[in-house]
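Have a look at the structure below before the remarks.
Protein chains in written order, with the working numbering: chain E, 378 to 684; chain A, 378 to 684.
Spelled out as C-alpha cells, the structure:
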C-alpha cells in the first residue's frame, strides 16, 4: 500500500459570527460539529479510502448539522422554502456533478454525486433535479426536518426589511465544503449551501458552479469556496487558483494569496476557501473576519473560527 | 474619437449539418441569417457603440431566427416545453448576468443582460428567473411562437427512441453566441441556447456558466462556446483560454489551439468556440465537422460553415 500522506480540510462558511457575539457555548457547539465532520472524512482516508468518499462523508456530516447553512440547516427563501445547491468533483478524471435550486432532498451532496456517477450530465436544476433524485431513490425530508427557529426568525426579519441576506443575523456566508487528498494521490472537492435568506428569483450562487465554487484536478489542487457568490462566479475563483499553479508555477499558498487576499479584495468580493494541493499541502485563506474551518495535515488536526 | 479597429464574431452552433445533407437552399438560408446577425453587431460598432451592445444585438438576431437552437428556434424538452439558457459578460469590469431553464421569454439574452444590470445577482434560474423577467417587463411569447415543425418532429423521434440529443437530426450542437471588441477597447461575450432535444431533469449546459461557455476580460479575450456542454463545464473552457494568455503568455490563436484542438479532443469533448482578443484578433476554432460562423476583422467580413 502506498504510504503517502493524506490531507483533508473542511469549512462551514466564511464571515462567521462577529467575535463580540460569540459565546463559549456557541463556540463549543461549532467546534464540535466541525470536529465531527472532519473525523468522518479522516475515517475514510485512514482506511485507504478515496478523497471522493472522504469529502462526501464530511459534507454529508455538515449538511446533517443544523448549525450550518446547507442541508438541514438551510436558510429560508423569500417564499418560505429551502432551495439548496451542491457540487462535487474528482481530480483524477475531472468528472463532476452539480445540482441547483433543489428542495426537500436530505443530502444535496449525494444528489450531486449521483449526477456525476449515474447521469450523462454535469448540472441539473430545480424540479428536474428532484425528479432525478427520486429516480435514484435518494431520501427526501419534509419541511419540519428543515425547520429551525433561528433560520425562521432570520427569514421573518429579512421579510420585514425586504432584504436578501447572506445568512443575515450572523453576517455569515452560509456554505459548507470539503477538499481532500487521499493516499493514492487523488484529489476531490465538494461544496453545499442553502443560499441566501429571503432570496428571490431563483438566485444561484457559486457553490454548484465548477470552476467558481468547486474544482479538483490531480495535477494542481482541490478547492471549495464560501463567500459572496456573484464575485466568485465572475472571478472563476476555484479554477483561477488551479491555473495560477499550472500556468504560472505558483505554489498553492501563493496562488491562494493572489486570488483571495488581492484579486477578490480589489473587487470587493468577501469570503474565503479551503484548498489542498497534489502534495497534500493545505491552505485556508479568507478575507472576512473568520471562517468556520478544520483540517488534518501531516498527521495534525486543527479547528478554528477566527484569524 | 479613438480610431482603433473593431472586431466581432458570431456562431450558430458547432457540429452542423453533415456536408452530405446540406442543400444549396439550406446553405443560403443559414448564410443569410448569419450575415444578418453579424450586420446587426457591425451596425452598433460602426456608430462607436459598445461591444456589449454589439453582442446583445447579434445574439438577439440569432435568437429571433428559427434556424438556430436558441430563442425562437429552441428545441423541445422531454415534456414538450422549451427551456432556454443564456449569459452575457462585459470585459471592462468583469460583470456578468446569466439565466438558466427559462420558458416563454422571447429573448433570453436580454434577460441575462437585465440580471447583470438590474439585479444584485449573477445567475437566476427557472420560475424565479421568469418572475424577474416579468418584473423587468421583458416580452414573453406563447408556445406557438416557439413551435417549429422540424424541432417538433426531432422531439417526437427522440421520444420514440428515448434519447436525449444535442439537436438530433442535424447532429448539431445548438447554441448561438457573439464576441466583440469595440473601438474603445472593450470586450464582451454572450451565449444563448435552447439546450438538448428531449432533455429531462432540468439539465443545464455550459452556456449560462461564466468561465465555461462565456467569458470576457479586457486584459485577455472574449469567448463564446458551443459543443458538448458537460465537457466544457468540467474543462472551464472559456476561462482556460483567458488564463493561458494571461499566465502563460500564449497568443489567442495558440491558446485556442491548445484548448479546443488538444485538451478537449483528449477528453472527447466535441465542439468549438469564437474568440476575440484585446487587440481585435479573431479566432474560431472547432474540432467538429463544422460550425456556423461569421466574423468581421480588419475591415473584412466572412461567413462559413465547414472547415
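Virtual Cβ for every residue (Gly too), placed ideally from N, Cα, C.
Predicted, not measured: the structure shown is a model, and the values here were computed from it.
Q) According to DSSP, what are the bridge partners of residue 650 of chain E? A) E:602
**Q.** Residue from E:569, E:670, E:672 whose Cα sits closest to the Cα of residue 483 of chain E
**A.** E:569
Q) To the nearest angstrom, how far is it from the Cα of residue 408 of chain A to the Cα of residue 486 of chain E? A) 46 Å
Q. Near residue 669 of chain E, which residues of its chain fall below 7 Å by C-beta distance, leaving aside the five closest residues on each side in sequence?
A. 388, 389, 390, 393, 407, 411, 682
Q) Helix or strand or just coil, what does DSSP make of residue 507 of chain A? A) helix
Q.
I'd like to check one pair, residue 629 of chain E with residue 598 of chain E: are the Cβ atoms closer than 8 Å?
A. yes
Q: Keeping to the same chain, check which residues put their C-beta closer than 8 Å to that of residue 634 of chain A; ignore five residues upstream and five downstream.
A: 662
Q: Pull up the CB-CB distance for residue 698 of chain A and residue 557 of chain A, whole angstroms please, since I reckon it's below 8 Å.
A: The requested residue 698 of chain A does not occur in the structure, where chain A is confined to residues 378 to 684.
Q.
If you follow the alpha helix (DSSP H) that residue 535 of chain E is in, where does it begin and where does it stop?
A. Per DSSP, residue 535 of chain E is one residue of the alpha helix (DSSP H) stretching across 526-538.
Q) By the 10 Å Cβ neighbour count, where 16 or more other Cβ atoms means buried, how is residue 545 of chain E classified, buried or exposed? A) Low per-residue confidence applies at residue 545 of chain E: pLDDT is 43, beneath 50, and the placement is therefore not dependable enough to give any value.
Q: Could you tell me the distance, in whole angstroms, from the CA atom of residue 528 of chain A to the CA atom of residue 385 of chain E?
A: 49 Å
**Q.** Integer-rounded CB distance, given that residue 477 of chain A should sit under 8 Å from residue 488 of chain A
**A.** Actually they are not in contact, since the Cβ atoms of residue 488 of chain A and residue 477 of chain A sit about 11 Å apart, beyond 8 Å.
Q) Alpha carbon to alpha carbon, what distance is there between residue 601 of chain A and residue 619 of chain E? A) 22 Å
Q) Quick one: which chain A residues come within Cβ less than 8 Å of residue 561 of chain E? A) Those do not exist, as residue 561 of chain E stays about 21 Å from chain A at its closest Cβ, beyond 8 Å.
Q) Under three-state DSSP, which class holds residue 655 of chain A? A) Assigned with DSSP and collapsed to three states, residue 655 of chain A falls in coil, not helix or strand.
Q: Output the residue ranges of the beta strand (DSSP E) runs that lie fully inside the stretch 660-684 of chain E and measure 3 residues or longer, sorted by chain position.
A: 667-674, 677-683
Q | Assigned exposure category for residue 575 of chain A - 16 Cβ within 10 Å defines buried | A | buried
(Q) Need the endpoints of the alpha helix (DSSP H) that residue 618 of chain E sits in, please. (A) 614-625
**Q.** Through-space distance from residue 481 of chain A to residue 518 of chain A, alpha-carbon basis
**A.** 5 Å
**Q.** Classification of residue 470 of chain E by the beta-carbon crowding that lies within 10 angstroms, buried from 16 upward
**A.** exposed
**Q.** Cross-strand partners of residue 580 of chain E (DSSP beta bridge)
**A.** A:501
Q.
I need the DSSP call for residue 642 of chain A, collapsed to helix, strand or coil.
A. Here residue 642 of chain A sits in helix by DSSP.
Q: With 7 Å as the limit, tell me which residues of the stretch 499-516 of chain E have their beta carbon closer than that to any beta carbon of chain A; keep them in chain order.
A: For the stretch 499-516 of chain E, which is checked against every Cβ of chain A, the residues closer than 7 Å are 499, 500, 501, 502, 503, 504, 505, 506, 508, 509.
Q: Please go through the stretch 444-484 of chain E and give each complete beta strand (DSSP E) segment of 3 or more residues, from N-terminal end onward.
A: 461-467, 472-479, all fully within the stretch 444-484 of chain E.
Q) Using a Cβ-Cβ distance under 8 Å, would residue 389 of chain A count as near chain E? A) no
Q. If you draw a straight line from the alpha carbon of residue 685 of chain A to that of residue 395 of chain A, how long is it in whole angstroms?
A. Residue 685 of chain A is absent from the structure shown; chain A starts at 378 and stops at 684.
Q: Pick helix, strand or coil for residue 395 of chain E, following the three-state DSSP scheme.
A: coil
Q) When the Cα atoms are used, what is the spatial distance from residue 667 of chain E to residue 579 of chain A? A) 36 Å
**Q.** Helix, strand or coil at residue 383 of chain E [DSSP, three-state]
**A.** coil
Q | Cutoff 7 Å; reference residue 595 of chain E; Cβ partners in own chain excluding five residues on either side | A | 468, 469, 562, 563, 564, 655
Q.
In whole angstroms, give me the CA-to-CA distance for residue 660 of chain A and residue 678 of chain A.
A. Distance between the alpha carbons of residue 660 of chain A and residue 678 of chain A: 14 Å.
Q: Tell me whether residue 585 of chain E is buried or exposed, calling it buried when 16 or more other Cβ atoms sit within 10 Å of its Cβ.
A: Only buried fits residue 585 of chain E, as 16 or more other CB atoms lie within 10 angstroms of its CB.
Q) Would residue 430 of chain A pass as a contact of residue 582 of chain A if the rule is Cβ separation under 8 Å? A) no
Q) Comparing the C-beta of residue 566 of chain A with each C-beta of chain E, is any distance below 8 Å? A) Not an interface residue.
Q) If we count the other Cβ atoms within 10 Å of its Cβ and call it buried at 16 or more, is residue 552 of chain A buried or exposed? A) buried
Q: Give the C-beta separation of residue 566 of chain A and residue 589 of chain A to the nearest angstrom, bearing in mind that I take them to be a contact with Cβ-Cβ under 8 Å.
A: In fact, because the Cβ distance is near 12 Å, the residues do not count as touching under 8 Å.
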